[in-house]
Amino acid sequence: MTAFDDGYPPPGRARPMSAADRRDRVLEAGMRLLEWPFAQLQRLIGLRRMPWVFVLPNMALFTIFVFVPVLLAIGYAFTGGTELLLWNRPFVGLENFSRLLSCGSYLDPASCELDLFWTAVFNTAWYTAFNATGTLVVALVTALVLNRLTRGKAFFRAIFFYPVLLSPVVVALVWKWFLARNGLLNAVFADLMGQRTIFLLEVLWSRFWVVYVSIWFHMGFYTLIILAGLQAIPRDIYEAALIDGTSRWRQFWRLTLPLLMPNLLVVLVLLLIRSVQVFDEAWVLTDGGGPGTSNTFLVQFIYETAFATDVRLYGLASAASVLMGLALLVLTLVQLWLGKKAEN
Amino acid sequence: MLGFLTRTRGKSRMDVTDILAWAWLILGTLVIAIPIGWAFLSSFKPEAEINSFPPTLLPRAAQELVIEGYDDPLPAYAWTDEQGQTRTVGLVRRIGLKATVVDPESPGERLSVDAGSIVKQTAIRPAWSNYTEPLERFAFLTYLKNSVFVTTVATILTLVLNSMAAFALSKYRFRGSTTIFVLMLSTLMLPLSVIMVPAFMVVVGLNLADNLWGVIFSTVATPTGVFLLRQYMLTIPDDLIEAARVDAASEFRIYWRIILPLSAPALAVLAIFSVIWRWNDFLWPLIVLSSPENYTLQLGLNAFQGQFTVQWHYILSMTVVALLPVTLIFLFLQRYITEGVASSGVK
Amino acid sequence: MASIRMEGLTKAYGNLEVIHGIDLDIEEGEFVALVGPSGCGKSTMLRMIAGLETISRGEIAFDGEVVNAMSPSERGISMVFQSYALYPHLSVRKNLSFGLENLRMKRAEIDARVAEAARMLELDAYLDRKPKALSGGQRQRVAIGRAIVRHPKVFLFDEPLSNLDAKLRVQTRGEITRLHRQLGTTMIYVTHDQVEAMTMAAKIVVLNGGKVEQVGRPLDLFERPANLFVAGFIGSPRMNLYDGRITGTEGGAARVASPETGELLVPLGGVAAGRDVKIGLRPSHFAVGAEAAGSPLLLEVDQVESLGHETYLHGRLNGAETTTIVHVQNHLDAAPGDRVPVRPRDGHIHLFDAQSGLSLGRV
Ligand SMILES: Nc1ncnc2c1ncn2[C@@H]1O[C@H](COP(=O)(O)OP(=O)(O)OP(=O)(O)O)[C@@H](O)[C@H]1O
Ligand SMILES: [Mg+2]
C-alpha cells in the first residue's frame, strides 16, 4: 500500500507503556468489576432481555416514588382520620371535597367553612395573575433587548439568568435583608418617605414584593425561552421589511409579535402552571404567608394542613391537592395543545 | 465605552430605542446585582454594625491598639488635644465626661481627657467570624455536610440510573419501551405539590422518613434526565453498537465504553442541573426531614432565620455559603447551562 | 476460515417477510459477493450471518455447526460497516485493540496483533490519532484493520467502498483482493456495484426481493444468466431485451421473431411454436458496419457516445420503439440519423421464457 503523505504531524513510534496506558489498565480493571454482574445476567437471560436490566433500576425508583403516589393520591382525598397509612384510613366519600367547597358566598372567603383554603385560593389567583403578566412582560422586553445586541449578548444573558439558579431560600433571604427595617431600601428611601417602612409587614407592600421577588427570581428562564423563539424568526423577513421602509415600531407589532405569538402563549401557560404552585420563596420571604394570611397560597395550605399541624389532615390536604392537580391538568393540556399548534 | 455602546446594529448613531435598550440592560443588571451584592457585603459586617442604621457600605470594625503593659488590646481613638493636635490613643476606661487614655508612644503614662475630645477609630475589616462561628457553634457544618452528601450521591445516582435507562430506551427496540417512555414523559409536568401526601407515605412506608436517603432515592429517577439523555443518545449511530457487539463487547461494556463517553456533553449538562436542583431543593426535604441533625443547608438556613432573635450576620454569611457553589458552577459553566436550557426547556 | 451453509434462511419483521428461504453454500476461503438492487435484503442477510439480526426460520451453519443462537463474537466473524463505525472517542490503536481487550487477550498478544495489522495496512503513522483526524481512505483501512486483528473465521463487508471517491475505490478494491489472497479467509462482500462484484469475487450471489436469483462465477453470470433479472442486472450497459415469439420450428432449430430483430433462425430445440419469449442481446454482441454488411437489420442512430477507443450507439432497431444500445470496439464514424447495419453474433443470443423469465438457452 502507498504511504499517505497528508501533512499531518509525524507519527509516534511504538512506545513503552506510558502513564496513560497505566491509567487505562486501572480503569479497565475497575470496569471489569462493574461489568461482572451484568455479564452474568446477560449470559443468563440473553441479549434481547438486557434492555430490561438497564431500565429496571430507574423504573423501580420511578414507580415507587412517582407512580405509586400518583395512584394513591386519589385514594387519600376520599379518606379521613389522621392515620398516614392509606389502608388504615376510613373511607369518607366526598366529605373532604364538600368541606373544602362549602361556602356561604364563593366571593367571600370568610363565609366558607375552610376560610383559609379560600383565602389561599384567592391569594393564589391574584398572585398568578400579576406574576404571570409581570414576568411575561419583563421577560419579553428583556428578550427583545437582548436579541438586538450584537455584542455583549452572552454576558447580559448570563446576568439575567443567574438568579434562576439560586435556591428559593437564598433568594428570599437576600430580599428579606434588602427590605428589612435596617435594609438598604429603607436607607435610601426613609428620608424621602419620612419614615422607615417595614415592607413585609404591610399587606399591600408585602404582596407587591412577593410578586416582585418572584419576577426577579424567574424572569431569566422565560427570557431565555422567548429569546430562542426570537432567534428562530428568519432574519430575511426583517431585511425585506427594511427595504420596504417599515418603521421599527411597526416591525415589532406587525412582524415580531405575530411571529412570536405561539411561543409567547406557551410561555404564558407555563408561567400560569408554575405560578399556581408558588410556595418556597414566598413562604420564606413572608415568614409563612404573613402578614396574617395575606400571602398564604395553595401549596402552603396543603403543606401545612398535611404536615405542619398537630392534627395532620392528610385527607383534606389531598383533596385540595386533587383540586389543584385538576386545574394544573387543564393548563397542561392547553399547553400541549398550544405546543402542537406552535410546531405546525 | 461609547464606541461599544454605539456599535449596536451596525449603525453609526444611536437612536432612541438604542438608548432605551441600554437603559433597560443597565437597570436590569443593577436590579439583579444590588440585592445580592448588598447581602454579600453585609455578610462581612460584625453584629454591632449590621444592626446600625443608616448602614455603611463596607464592613467596618473598631480599630484596636496593642500597647505595652496592657494584657488586652485597647480600642483606638483619635484624640484632639488642647493645642489642636490629633493623636491616636488607646482608651483605658471612660467615666462620665472623663476618659482615661494612653498614648502608645509613652505607654507608662495615663492621661485623663475630655470624653468629647476623642473619636472612635474604625477600619475596613471583614468579620470572618460570621463565617466560622455558625459552622463551629451552630449546626451549620452538619447542614453543609448533609447538603454536600445529598447533592453528590443524588447526582451520581441520577447520572448512572438515567443514562442506563436512556441507553435502553434509545438503543433497543423491546416490548414496552414506548409505554415506559410515554409514562415517564407524562409525569414530566407533574408537580410535587400534587402528590406530596402519598409520596410522603411511601417514604414512611420504606422507613426512610427523616433520613437523607429518603430525599436522595425519591429524586434520582428524573424523567427530565432520561429524556435529555435519550434524545442525545439517539444521535449516536447504531452501527457503533453493532460494531462493538461484533467486537465481543457485552451490553454493559457497550454502555460503559461506547455510550457513556460519547454522551459526555449531555451527561455534563445533566450533572450541572442535578447539582443545582439537589443543592437548592426545599419543599421535599422540608417534608421528609424532621430532625435538625438531618437538615440540609437550605432547611437549616430557613429554620435559623425563623428563630426568635434574628441574627442577620450569621444568616447572611450562611446565605452566601449556600449561594457559592451554584455561583461558581455558573461562572465556569455558564455556556452549557444557558444553552442547555434554551435547547431543552428544562430548568 | 470456515465454510458456511444456509438452509431455508428466512427473515420476517412482524408480518413482513423480507428474506424468503435462502439456500446457499459458501466454501472455506471463498470470496463471495452478494449483489442486488437496493432493498433486496443484502444487508439483512449479511447481518443474519453476523448474528446482528435474529433468524426467523431456517439455519446457518459454520463448518457444519449451527450458529443460529450464537452471538456475533461467538461466531468468530468480523465485519466492516458501510459507515466504518469507528469508535470516534478512541484512538486508532484503541479502535483496533477494543475487541481484543473484550476477549481478555494478553496485553503482549494485543500489541503484537495491532502492530501486525497496522503494518499490513500501513497504519503505523496514525495509531495515536482519533478517527476524526483521518482521511476517508485511512478510516476505511482502520475499519478493515479492526476486522483483521481478531483473526476471524469469516470476514463480512457491507458496501465498504461506497463512501470513497472513484479513484480510491479502485485502489481499495485491489487491496481487499490482495488481503484475501494473503489471509485466505472466507469473505462475504455486499455491494450493489456489479463491477466490484465481478472484479473481486470468485462467486457472485444475485439477490432480488429476498430471493436468490442465481449463484455462479462472475463470467458464468455474464454469459449464462439464468433468468431475465440476472440478465438485466449483470453487465453494463445492460442487455437489450425484446419481446418476441417462436414462430416455427425446423428440426433442432426454431424461428424467433420480434419487431426489433426480425426473424432469426436459432439452434434451439424443445420449444413449441407460438410461445412468447424475450430475446436478449448484449450491446457488445453485435457485429456492426462493414462486419455486418448485407445484414437486413438497420440501427437508426439517435445518439453516439464516443470514448475514443470504443463507441456506444443508441438507437432503434428496424424502426421499433425500444431503444437499443450497441457497443463497438474502436472508433466508429456515425452520426445521429445514420442507419447502420448490425447483426447479432451467433452463439450470443439469449432467449428467455416470457412468462417465467427463465433462460431457454444461449444460441
Ligand atoms: N427493521 C426493519 N423493519 C422492517 N423492514 C425492514 C427493517 N430493516 C430492513 N427492512 C426491509 O428489509 C428489506 C431489505 O433491507 P436491506 O437493508 O437488507 O436492503 P439492502 O439490500 O441492504 O439495500 P441497500 O442496497 O439499499 O443497502 C428492505 O425492503 C427494508 O425495507
Ligand atoms: Mg444495505
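Protein chains in written order, with the working numbering: chain U, 2 to 345; chain Z, 1088 to 1434; chain E, 354 to 716. Yeah, the Cβ is synthetic: ideal placement off N, Cα and C, and Gly gets one too.
Check	Outcome
Cβ of U:Met-32 within 8 Å of any chain Z Cβ	yes
Among Z:Ser-1193, Z:Tyr-1423, Z:Phe-1417 and Z:Val-1200, nearest to U:Tyr-163 - alpha-carbon criterion	Z:Phe-1417
Cβ-based contacts, 7 Å cut-off: residues of the stretch 77 to 107 of chain U near chain Z	Tyr-77, Leu-85, Leu-86 and Leu-87
Selection from U:Gln-43, U:Ile-65 and U:Thr-136 that minimises the alpha carbon distance to U:Phe-55	U:Gln-43
Proximity winner among U:Gly-82, U:Arg-50 and U:Asn-59, relative to U:Ser-319 (alpha-carbon distances)	U:Gly-82
CB contact below 8 Å: U:Trp-176 versus chain Z	yes
Option nearest E:Glu-613 by Cα separation, candidates E:Arg-526, E:Ala-625 and E:Ile-632	E:Ile-632
Beta-carbon spacing of U:Val-1, U:Phe-79 below 8 Å	One cannot answer for residue 1 of chain U here, as it falls past the ends of chain U, which runs 2 to 345.
Any non-hydrogen atom of ligand 1 within 7 Å of U:Leu-35 CB	no
Boundaries (first-last residue) of the alpha helix (DSSP H) holding E:His-533	519 to 536
DSSP state of E:Met-359 mapped onto helix, strand, coil	strand
Segments of 3+ residues assigned as beta strand (DSSP E) that fall wholly inside the stretch 589 to 667 of chain E	593 to 603, 606 to 611, 615 to 619, 629 to 634, 639 to 641 and 651 to 659
Straight-line gap, U:Leu-201 to U:Tyr-213 (C-alpha atoms, nearest Å)	12 Å
Beta carbon of Z:Phe-1131 nearer than 8 Å to that of Z:Ala-1210	no
Paired residues, beta bridge with E:Asn-580 - DSSP	E:Leu-711
E:Tyr-366 beta carbon near ligand 1 (any heavy atom closer than 7 Å)	yes
Straight-line gap, E:Ala-486 to E:Ser-444 (C-alpha atoms, nearest Å)	10 Å
Runs of alpha helix (DSSP H) lying entirely within the stretch 47 to 89 of chain U, each at least 4 residues, in chain order	51 to 63 and 69 to 78
Where the stretch 58 to 71 of chain U meets chain Z: residues whose CB sits under 9 Å from a CB there	Pro-58, Asn-59, Met-60, Ala-61, Leu-62, Phe-63, Thr-64, Ile-65, Phe-66, Val-67, Phe-68, Val-69, Pro-70 and Val-71
4 or more residues per run - each alpha helix (DSSP H) lying fully within the stretch 141 to 179 of chain U	154 to 162 and 169 to 179
Proximal chain Z residues relative to E:Pro-425, where beta-carbon distance stays under 7 Å	Arg-1332 and Val-1333
Inter-stretch contact at 8 Å, needing at least 3 Cβ pairs: the stretch 235 to 246 of chain U / the stretch 147 to 154 of chain U	no
Below-8 Å beta-carbon distance, Z:Tyr-1319 vs any chain B residue	No chain B is present in this structure, whose protein chains are U, Z and E.
Sequence-distant residues of its chain with Cβ nearer than 7 Å to E:Gly-714 (five each side left out)	Leu-621 and Leu-704
Those residues which DSSP pairs with Z:Val-1188 across a bridge	Z:Leu-1178 and Z:Leu-1198
Check whether Z:Val-1237 and Z:Arg-1365 have beta carbons under 8 Å apart	yes
Partners in chain U for Z:Gln-1385, counting only beta-carbon separations shorter than 7 Å	Ser-168 and Val-170
Distance cut-off 7 Å: E:Ser-396 Cβ against heavy atoms of ligand 2	yes
Helix, strand or coil at U:Gly-239 [DSSP, three-state]	Note on identity: in this sequence residue 239 of chain U is Tyr, with Gly being the wrong assignment. Three-state DSSP puts U:Tyr-239 in a helix.
Any C-beta of chain Z under 8 Å from that of U:Asn-183	yes
heavy atom of ligand 1 below 7 Å from E:Leu-509 C-beta	no
With 16 other Cβ atoms within 10 Å as the buried cut-off, status of E:Ala-688	exposed
heavy atom of ligand 2 below 7 Å from E:Glu-427 C-beta	no
Counted within 10 angstroms of its Cβ, other Cβ atoms place U:Lys-177 as buried (16 or more) or exposed	buried
Outcome for E:Leu-618 when other beta-carbon atoms lying within 10 angstroms are tallied against a minimum of 16	exposed
Residues, ordered as in the chain, of the stretch 1252 to 1276 of chain Z that lie near chain U by beta-carbon distance below 9 Å	Ala-1252, Ala-1253, Phe-1254, Ala-1255, Leu-1256, Lys-1258, Tyr-1259, Arg-1260, Phe-1261, Gly-1263, Ser-1264, Ile-1267, Leu-1270, Met-1271, Thr-1274 and Met-1276
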